[in-house]
Every structure is written in C-alpha cells, then in structure tokens.
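In what follows, a structure is listed as structure tokens, so that the remarks can point back to it.
Numbering (my numbering), first residue to last: 1 to 693.
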C-alpha cells in the first residue's frame with residue numbers, strides 16, 4: 001500500500017470515528033457532535049450534546065421548573081483538554097395539569113466550549129456521560145456514555161452537515177442585556193420586575209425564565225403591564241418554597257415577534273417596582289412632599305454617568321470636521337463682540353447654548369415620536385432622507401455666498417440663514433446653535449454611542465434629559481468663552497482682518513455642500529443629483545436678485561426658491577446607484593450571514609457605517625484602508641461585512657440597538673467565530689490589530 005492510499009484510509013477511519021452514531025434510549029436520541037473537523041490549540045472548540053425527543057416528549061432546561069431534572073454532562077477528557085459549562089438555548093414552557101416545566105420538545109444542541117492546551121497532538125478521545133429526564137405524561141430518566149474522536153491540528157474546517165444546526169443553536173443563546181434597565185422587588189407573595197430596553201418595543205409577547213428554581217411559582221401567570229413601548233412591569237406569584245430575597249434576580253427574557261424570538265440574559269438589581277394590577281406605590285421618605293415624590297421620574301444608578309458621557313460626547317463633537325464650518329461662524333460672531341463687551345458675549349453665549357440644547361431635544365422628540373409610530377430611526381436619521389440632504393446643500397451654499405460677500409440678506413425666506421452670519425445679535429447666535437446640531441448629526445463622537453443608546457431605552461423625559469446634556473457639551477466651549485473673562489481675553493481684537501476671515505470661512509461651507517452632494521449620489525440616482533444641481537442654480541439666481549426691488553423681482557425670487565424646493569420634494573423614489581456592500585473584498589451584512597460564518601469558525605469584521613458619517617470616513621481612511629490593517633486582515637483571512645445605514649434600514653437599526661447604539665459607527669469583531677468584540681468608535685491601526693490578535 002502506497003503512502004497516499006494509507007493516508008486516505010487513515011483519514012477515512014478518523015472521520016468514521018468522529019461521526020459516531022447517535023444513541024436512541026427511551027424516547028430520546030442523543031449524540032456528541034463537533035462544529036469542526038479538528039480541534040485547535042489556543043482557541044475555543046465547540047462541541048454539542050444533540051438531543052432529539054420523540055414527538056410529545058421533552059427534556060429539561062437548567063431550571064426545570066415545577067418538576068424535572070436538568071440535563072447534565074460528566075466529562076472524562078485526556079490531559080490538555082478542558083470542557084466548559086453547557087451554554088443553554090432559551091427554553092419553552094411545557095404544562096401538565098397544575099405543573100409548568102421549562103425545556104425542549106424538539107431537537108436542541110447543548111453547546112459546550114473545549115480548550116486545548118498548546119503542545120497537544122495526535123487524536124484525542126472525548127468521553128462524556130449524559131444524564132437527563134424525558135417526560136410526557138410519565139417521566140423516564142436516561143443515561144448514555146458518549147464519545148467522540150477528533151484530531152488536533154493547526155487549523156480546522158466547519159462540518160457542513162452540522163453548521164446550520166450550530167448556527168441555529170447560537171441564535172437561541174441569550175444575549176447579555178448590558179444596556180437594559182432591570183429592577184426587581186419582592187413584596188408579600190410576589191416578584192415584580194421592571195424592564196426597559198429598545199428591543200421591548202418590537203415584541204409581541206414577553207416571557208421570563210428565572211435561573212433560580214425556588215423563586216416563583218412557575219405555573220402562575222406572568223402579569224405584564226406596558227408603561228411605554230420600551231418599558232414594562234411584570235409580576236408573578238412567589239414559589240411555595242421561596243425562603244429569602246436574593247441579592248439579584250438572574251434569568252432569561254424571551255421576546256417573541258411573530259414566529260421569531262430572541263432571548264436576553266438579565267441581572268435585575270433591587271429597586272422599587274410596583275406590582276402589576278395594584279396601585280403604583282412609591283416609598284416616600286419622611287419630610288418629603290408626597291405629591292412631588294409621586295411625580296418624580298424613576299431614577300437609575302447609571303443616569304449621572306450617562307449624562308456625563310453625553311456631555312463629554314457633545315464636547316468632543318466640537319473637534320469633528322463636520323461641525324467645523326459652523327464653529328467658524330460662531331467664532332467670527334464672538335470676535336465681533338470684542339473682548340471688552342462682556343455683557344454682549346454672555347448674551348450671545350446663552351442664546352447659542354439655547355439654540356443647541358433646544359435643537360438636540362427637538363431631534364430627540366422626533367426620534368421618540370417616530371419610534372413610537374413603529375419607525376426604526378437613530379442619531380443622524382434625517383440625513384437618510386435625500387430631500388433633507390438637498391435642502392441642507394441649499395442652505396450651506398447660500399450661507400457660503402453670504403460670507404463671500406455675493407449677497408447680504410434682508411427680509412424674506414432666506415432671512416433666517418442670513419442672520420446666522422450678518423450680525424452678532426441674539427437670533428444670530430441662537431440659529432447658529434440650531435445649524436450646529438443639524439450638521440453635527442453625521443458625527444458620533446466617542447462616549448456618545450453609549451449615552452444615546454441608553455437614552456432611547458428610557459422614558460421620554462429621561463431621554464430628553466440625556467439629549468439636553470449632549471447639547472450642553474456641544475455648546476460648552478462658547479458658554480465658557482462668554483462667562484470666563486480669562487478665556488475671552490484670548491480672542492483677537494476686531495480689525496480689518498475680520499472681513500478676510502469671514503470670506504475665508506465660506507470655503508468650508510462650500511466643501512461641506514460638495515460632500516453632501518456626494519452623499520446624495522450614494523443615496524439616490526443621477527436624476528436626483530441633476531435636480532439638486534438645478535436647484536442650486538435657482539438658489540444662486542434668487543440671491544443674485546436679492547437686492548432688486550419691485551414686484552417682478554420679488555415674484556422671481558419666490559419662484560426660484562419654490563422651484564428649488566419643488567425639485568427635491570417632488571422627486572420620484574429611486575434606488576442608490578452604488579452601495580457600500582458592492583465594494584470589492586466585502587459582503588453585505590445580515591444576521592444570517594454572521595451566523596453562517598461563525599459556524600465555520602471564521603473571523604468576521606462588521607462595519608456599521610453610512611456615507612454621511614464623517615467619523616466613519618475618517619476611520620476608513622486612517623485605519624481600515626491602511627496598509628498595516630489590510631495586511632493583518634489578509635493574513636487572518638478576515639471576512640468583512642458592511643452594514644450600510646446611508647439609507648434607512650430597520651434591520652441595521654435593530655442590530656445597533658442590540659449593542660446599545662443609536663447611530664454609526666459601530667465596529668464588531670468576531671475572532672474565530674467567537675463572541676463579538678465592540679471596538680472603539682475612533683479606530684487606530686494599533687488598536688485594531690491588537691483586537692484582531
């Protein structure tokens with residue numbers, strides 16, 4: 001027998017050994033299966049106990065409920081191989097008479113991670129004794145000795161026969177609810193939970209499965225009351241075996257929408273929670289007015305930290321290039337005020353701050369209203385509308401012409417924009433703040449993502465408070481300039497240079513308009529771009545006529561501006577001519593594709609981006625397109641998935657919410673198919689390569 005034939009025969013026997021036959025015992029089929037064709041040292045290797053009960057029978061979850069026994073695995077492993085705990089998919093309810101149990105009535109994979117020490121070689125034999133209880137109208141205990149042989153190799157490939165099953169099992173694992181608010185209170189004979197999360201707004205049904213077996217009466221109904229789309233309370237009778245209040249309540253919340261479901265693992269902390277079906281009672285400390293306490297919004301231990309993150313994110317927005325043109329306008333206004341006019345500077349600083357904060361809260365109110373109506377929106381959502389982008393092009397182009405001296409606005413439709421740059425009055429400062437927020441929305445500064453994600457899971461008043469803190473951070477530099485004389489003295493004195501500076505500041509506005517036109521080409525088709533360019537000409541024509549007097553000139557100005565707006569608001573819906581997912585070397589993102597690649601053990605990089613997101617573009621140019629990062633990704637055979645949010649996409653919005661984000665960028669890295677790592681919003685080649693390795 002030659003070497004090739006011997007190698008083929010050896011591989012056949014190894015595969016035959018690895019594919020051990022399932023065991024059928026008393027209404028349950030069980031076996032050990034592996035996700036890949038080999039084990040690798042230094043990485044998570046996933047195997048699973050596959051259990052398939054007969055129709056009408058079920059086995060049990062980690063908490064079996066009112067009766068039953070959880071499935072167990074007792075391992076006998078060679079040196080250098082260590083098995084972790086079972087990763088349990090979310091369970092289902094199975095009721096019989098007055099009893100309710102938690103388990104699985106269909107084929108289920110109980111996933112187990114294996115660690116292989118470096119230096120382990122050859123073929124290893126995995127042995128485990130599985131113990132379970134299977135029930136219908138009677139219960140039968142079962143035991144099986146299972147084994148699986150796998151070679152240890154430098155690399156491994158996914159088993160195509162089992163890849164879909166592993167992907168399904170992973171999709172049923174509870175997701176850590178890091179950005180949920182979860183509180184519990186035990187009073188008299190019942191447990192009450194308060195939950196707040198964006199994911200709740202999409203659920204048709206909500207179920208809670210506690211980890212502790214003696215906490216609640218599992219057969220008792222779970223009474224649910226929705227306080228808002230993303231906030232609810234749930235109450236359930238305590239177990240007859242309940243003894244003492246726990247320090248926290250752990251369990252799984254399953255959200256069902258139609259035929260699909262997703263599960264989250266919660267860790268509820270003690271707090272004040274009104275039981276469902278009873279009057280809302282709030283513990284009022286002695287000496288506090290009762291009516292005031294009843295009207296106070298619920299408090300969260302994380303609220304102050306989130307407000308701090310929102311302020312810091314707003315402050316960092318001042319450094320973003322998308323905000324620079326408007327900051328230049330405000331710097332010009334403060335310079336005009338002069339270093340000695342303290343009272344005027346303070347009034348302008350307050351007016352600017354009011355414009356910023358009111359605009360931020362207005363954006364938040366629109367987002368909350370749209371979400372309440374079922375729309376999936378997030379930070380920067382208005383830039384997903386080609387019509388809004390076109391109007392912003394008109395405004396910035398008109399302001400640029402004003403700074404260049406081509407026109408001085410008087411009264412009329414463009415007066416609002418003209419006041420932003422023509423005089424240092426309070427309305428000028430206020431509307432400069434409004435414009436600052438409009439052009440800041442393409443950016444997501446560090447720390448903003450967590451704060452905004454938190455805000456959209458809270459009641460309306462708390463969400464508005466977080467957005468107001470964001471606005472305060474954005475306005476803070478100019479607020480300090482207005483009220484701290486030492487900083488104001490750093491401003492240059494007024495002089496002839498100011499006219500040149502004003503004209504110079506027109507060019508960032510022109511460049512911003514050009515960038516928005518490029519965004520428009522990514523959102524729509526050439527026909528829309530042509531409409532907007534014609535509209536720009538009409539705006540220029542109206543501004544050319546601005547100083548002209550008379551009825552005909554006024555009619556022409558109004559007709560030109562109306563025509564420019566009509567061109568964009570009457571444009572037929574169109575599809576983008578280019579899409580980020582078409583970029584060479586990348587694939588479009590989908591949750592199903594992520595599951596497939598994870599099942600194959602591939603390393604995945606998911607880029608949640610948008611063409612109007614300046615932060616995304618900076619990261620692309622400085623990091624993702626750098627030679628070092630591209631070489632590192634090639635060497636690791638990384639699959640890049642693009643989640644393009646340039647135009648509204650409810651699935652991407654929902655996925656952002658899963659990770660506590662309300663806007664882009666978001667970067668996820670799945671190393672060798674493992675759990676996702678959330679990378680920083682501002683990437684560097686060193687931080688990316690470190691995460692990859």
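Heads up, the beta-carbon is just placed ideally off N, CA and C, and yes, glycines get one too.
- A distance below 6 Å between beta-carbons, with the five flanking residues on each side excluded, links residue 396 to the following residues of its chain, in chain order: 509, 512 and 513.
- Across the set 184, 40 and 91, the C-alpha of 40 shows the shortest separation from the C-alpha of residue 123.
- Scanning the region 511-545 for uninterrupted beta strand (DSSP E) segments of 3 residues or longer gives nothing; none is fully contained.
- By the C-beta density criterion, residue 527 is exposed, having fewer than 16 other C-beta atoms within 10 angstroms.
- The alpha-carbon of residue 138 is positioned some 22 Å away from that of residue 217.
- Considered as a whole, the region 597-681 harbours 614-619, 627-635 and 650-658 as its complete alpha helix (DSSP H) runs of no fewer than 4 residues, in chain order.
- When the five nearest sequence neighbours on each side are left out, the beta carbons in the same chain lying within less than 8 Å of the beta carbon of residue 214 are those of 239, 241, 242 and 243, in order along the chain.
- Here the alpha carbons of residue 468 and residue 610 stand approximately 25 Å from one another.
- The beta carbon of residue 211 sits closer than 6 Å to those of 63, 250 and 251, all from its chain and outside the five residues before and after it, given in chain order.
- Rounded to whole angstroms, the Cβ separation of residue 523 and residue 647 is 6 Å, and the two are in contact under 8 Å.
- Sequence-distant partners of residue 520 (beyond 5 residues in either direction) whose C-beta falls short of 8 Å from its own C-beta, in its chain, are 386, 389, 390, 393, 528, 529 and 532.
- Taking C-beta atoms as the reference points, residue 476 and residue 304 fail to come closer than 9 Å.
- No Cβ-Cβ contact shorter than 9 Å links residue 158 with residue 108.
- If you check the CB distance, residue 43 and residue 433 do not come in under 9 Å.
- Per DSSP, the unbroken beta strand (DSSP E) holding residue 104 starts and ends at 99-104.
- Excluding residues up to 5 positions away in sequence, 38, 39, 40, 41, 116, 120, 121, 122, 123 and 124 lie with their Cβ nearer than 8 Å to the Cβ of residue 152 in the same chain.
- Here residue 555 is exposed, its C-beta having fewer than 16 other C-beta atoms within 10 Å.
- By the CB criterion at 9 Å, residue 606 and residue 676 fall inside the cutoff.
- Between the alpha carbons of residue 59 and residue 134 lies a distance of about 5 Å.
- Contact annotation: residue 111 and residue 184 have beta-carbon atoms that are not nearer than 9 Å.
- For residue 128, the pairing in a beta bridge is given by DSSP as 75 and 146.
- By the Cβ neighbour-count rule, residue 615 is buried, with 16 or more other Cβ atoms within 10 Å of its own.
- Taking 8 Å as the upper bound for CB-CB distance, residue 310 and residue 470 are in contact here, some 4 Å apart.
- For residue 164, the enclosing alpha helix (DSSP H) starts and ends at 163-171.
- Here residue 175 is actually not in contact with residue 29; their C-beta atoms are around 29 Å apart, not less than 8 Å.
- Per DSSP, residue 461 lies in no beta strand (DSSP E); the unbroken alpha helix (DSSP H) holding it starts and ends at 460-483.
- Shown here, residue 549 sits in coil according to DSSP, grouped into three states, outside any helix or strand.
- Beta bridge pairing from DSSP links residue 208 with 253.
- Note: residue 44 is bridge-paired with 115 in the DSSP secondary-structure output.
- According to the DSSP secondary-structure assignment, residue 65 is paired through a beta bridge with 101.
- As computed with DSSP, residue 30 is found in a beta bridge with 23 and 51.
- In the structure shown, residue 242 falls within a coil segment according to DSSP collapsed to helix, strand and coil.
- Look at residue 343 here: in three-state DSSP terms it is helix.
- With fewer than 16 other Cβ atoms inside 10 Å of its own Cβ, residue 558 counts as exposed.
- Annotation: residue 687 is outside any beta strand (DSSP E); the continuous alpha helix (DSSP H) that includes it extends over 685-692.
- When beta bridges are read from the DSSP output, residue 90 appears opposite no residue.
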